[in-house]
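Structure first, commentary second.
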Amino acid sequence: MKVQGWLFLLCGLFFAGVTVAYWFWTKAATGVGEPVGTTALAISVGFAFMIGYYLMFTARRIGAQPEDNKQADISDGAGEIGFFSPSSWWPLFVCLAAAFTFAGFVIGLWMFIMGVFLVIMAMIGFVFQYYRGHFSH
């Protein structure tokens, strides 16, 4: 995981350089720096650093992985990776509820409040989907 962490951290540094260059370039062209593109690039810097930090922190916590060893074989990474849901409709419901909430933010407070309630209910269903029914343990 350290390789992936370093990759994201280096991408963050690249995005930081591009952000500064973009800001100077648009400031020279227009007299005022272009705020939308600069903000989007700055957010990409933050996201890259956030993911890189998380991967480095996780790599330090769980120890060396097969992908960190340059002499490792493909078979070294074999085995159980984790649990993956066989079929779940809850991500669809969470996304629909979030879209309803964001539309409510534009349309009106009543729709936004109803959307927040729907998002909370969908998240509860998503988190607790394996506590009842066919796939409960």
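Take any residue in the sequence shown, note its place counting from 1, add 5, and you have its number in this note's numbering.
Beta carbons: idealized from backbone N, C-alpha and C, even for Gly.
In the structure shown, M116 falls within a helical segment according to DSSP collapsed to helix, strand and coil. Distance from the CA of A21 to the CA of G10, rounded to the nearest whole angstrom, comes to 17 Å. Nearest to D81 by alpha-carbon distance, out of Y135, F110, D73, is D73. Distance from the CA of A33 to the CA of V124, rounded to the nearest whole angstrom, comes to 45 Å. Non-local C-beta neighbours of F13 in its own chain, meaning closer than 8 Å and more than five positions away in sequence, comprise A53, F54, I56, G57, L60, ordered along the chain.
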